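Notes follow once the structure below has been shown.
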Ligand code: CP3
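In my numbering, the protein residues as written are 7 to 358.
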């Protein structure tokens with residue numbers, strides 16, 4: 007007869023199995039932006055907090071919205087509720103979110119502007135995020151893994167330089183092409199502070215880290231190497247100097263064929279694939295790399311639901327059978343998503 011585990015035993019977090027070389031069946035599942043506006047309870051908590059940034063810096067309420075999708079769907083992992091742009095905010099480039107406009111910052115366009123950034127002043131805001139992580143590790147079910155994250159330096163820099171979201175990341179690309187050294191100083195600041203930020207999250211209880219490089223696809227090959235691969239490699243190395251066993255997932259969105267190079271050069275333990283990566287490629291391209299593959303359902307299929315959602319989900323599952331795989335979307339959940347479609351997706355992935 008099976009003995010109940012003693013309370014002191016390390017709980018089994020099946021999300022971590024693929025990183026230990028174990029093929030998990032069914033694959034673990036979480037979804038990018040699993041906490042957010044598509045959930046009525048998220049909207050209520052955000053109103054209670056007073057706004058999006060107030061929510062991010064309120065450990066009790068940030069922990070609450072992190073838990074909401076876990077209660078509803080029982081995902082194998084929770085992702086810390088925060089934002090990649092808290093890093094520039096903590097550095098002294100104040101972030102605001104105007105209704106319907108997305109993030110706004112006073113742009114940093116030159117080496118002279120870099121003096122506005124104060125890495126030594128980040129502590130109080132990073133500590134609030136670490137407190138959210140610590141609360142979560144207490145409040146989450148023991149078998150649910152906790153993912154910490156940051157934005158990759160390139161993607162964070164695109165917002166810092168443009169001062170807002172942009173279609174083509176032109177301001178950052180122009181600075182990078184025109185003045186490699188000056189732009190490199192901004193990237194260096196982001197590499198250093200991201201290591202501190204991520205180590206703080208692991209120390210507080212994060213089991214896994216993800217580095218979001220949403221705009222990795224906007225750079226040609228040698229620039230991709232310089233501004234995407236190299237800074238990510240330094241962050242992975244910097245974190246692993248302190249926490250050698252913490253798995254790191256990279257998400258170089260839009261990297262296409264360069265994703266292979268990214269995996270071999272950065273030292274990430276997992277590769278997040280975007281919507282455009284064909285499942286056969288996800289299933290085969292990384293076979294020779296010692297890496298966990300994550301992805302890549304189109305978030306819009308979660309809006310439509312129905313037959314199209316079922317078919318594509320089953321295709322991905324079939325292609326990834328027998329692989330070290332984590333089911334996810336190819337980008338974040340959109341606000342128009344009916345919550346019941348998310349429930350259906352989880353059911354399909356778990357064999358229903
Ligand atoms: O559930 C989770 O995934 C965890 C929390 C999380 C958020 N943003 C919450 C959020 C994470 C991991 C992010 C990452 C993030 N933030 C990225 C990288 C991933 C991606 O989606 O490409 C980027 C580029 C950002 C920057 C950002 N934050 C933008 C451009 C916007 C505005 C667009 C939008 O979706 O509203 C945000 C706001 C934001 N971040 C919201 C949430 C839930 C919506 C804010 C609201 O409540 O109004």
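C-beta: ideal position from N, C-alpha, C; glycine also.
What you are looking at is a predicted structure, and each value in this text was computed from that prediction instead of being measured.
So, is residue i buried or exposed, given that buried needs 16 or more other C-beta atoms within 10 angstroms?
i           : result
residue 357 : exposed
residue 186 : exposed
residue 147 : exposed
residue 253 : buried
residue 84  : buried
residue 57  : exposed
residue 28  : exposed
residue 207 : buried
residue 276 : buried
residue 154 : buried
residue 50  : exposed
residue 121 : exposed
residue 165 : buried
residue 17  : exposed
residue 210 : buried
residue 24  : buried
residue 349 : exposed
residue 176 : exposed
residue 346 : exposed
residue 336 : buried
Just verifying my parser: in three-state terms, what is the DSSP assignment at residue i?
i           : result
residue 170 : strand
residue 280 : coil
residue 108 : strand
residue 133 : helix
residue 251 : coil
residue 40  : coil
residue 219 : strand
residue 35  : strand
residue 256 : strand
residue 309 : helix
residue 7   : For residue 7, the predicted structure reports a pLDDT of 46, less than 50, and the residue's modelled location is therefore unreliable. The matter cannot be settled from this model.
residue 214 : strand
residue 241 : helix
residue 204 : helix
residue 92  : helix
residue 345 : helix
residue 17  : coil
Output yes or no for whether 8 Å exceeds the beta carbon distance between residue i and residue j.
i           : j           : result
residue 34  : residue 95  : no
residue 193 : residue 159 : yes
residue 363 : residue 259 : It is not possible to answer for residue 363, since the shown part of the chain is limited to 7 through 358.
residue 213 : residue 91  : no
residue 274 : residue 199 : no
residue 288 : residue 297 : no
residue 201 : residue 245 : yes
residue 218 : residue 189 : no
residue 305 : residue 339 : yes
residue 279 : residue 301 : yes
residue 238 : residue 272 : yes
residue 86  : residue 72  : yes
residue 196 : residue 204 : no
residue 131 : residue 63  : yes
residue 191 : residue 117 : yes
residue 124 : residue 108 : no
residue 141 : residue 75  : no
residue 285 : residue 321 : yes
residue 323 : residue 352 : no
residue 67  : residue 54  : yes
residue 318 : residue 307 : yes
According to DSSP, which residues form a beta bridge with residue i?
i           : result
residue 145 : According to DSSP, which records beta bridges pairwise, residue 145 is partnered with nothing at all.
residue 300 : 278, 332
residue 85  : 153
In terms of residues, what are the limits of the alpha helix (DSSP H) holding residue i?
i           : result
residue 312 : 312 to 325
residue 99  : Premise fails: residue 99 is in no alpha helix (DSSP H) and is neither H nor E.
residue 71  : 65 to 79
residue 270 : 264 to 272
residue 291 : Segment: none, residue 291 is in no alpha helix (DSSP H) and carries neither H nor E.
residue 122 : Run containing residue 122: none; DSSP gives neither H nor E here.
residue 22  : Taken as a continuous stretch (DSSP letters only), residue 22 belongs to no alpha helix (DSSP H), as it is neither H nor E.
residue 227 : 227 to 230
residue 181 : 176 to 184
residue 113 : Looking at the DSSP string, residue 113 is not in any alpha helix (DSSP H), and its letter there is neither H nor E.
residue 235 : Careful: residue 235 lies outside any alpha helix (DSSP H) and carries neither H nor E.
residue 52  : 46 to 55
Over what stretch of residues does the beta strand (DSSP E) that includes residue i continue unbroken?
i           : result
residue 157 : 151 to 157
Comparing the CB of residue i with every heavy atom of the ligand MG, is any distance shorter than 7 Å?
i           : result
residue 343 : The ligand MG is not among the ligands present in this structure, which contains only the ligand CP3.
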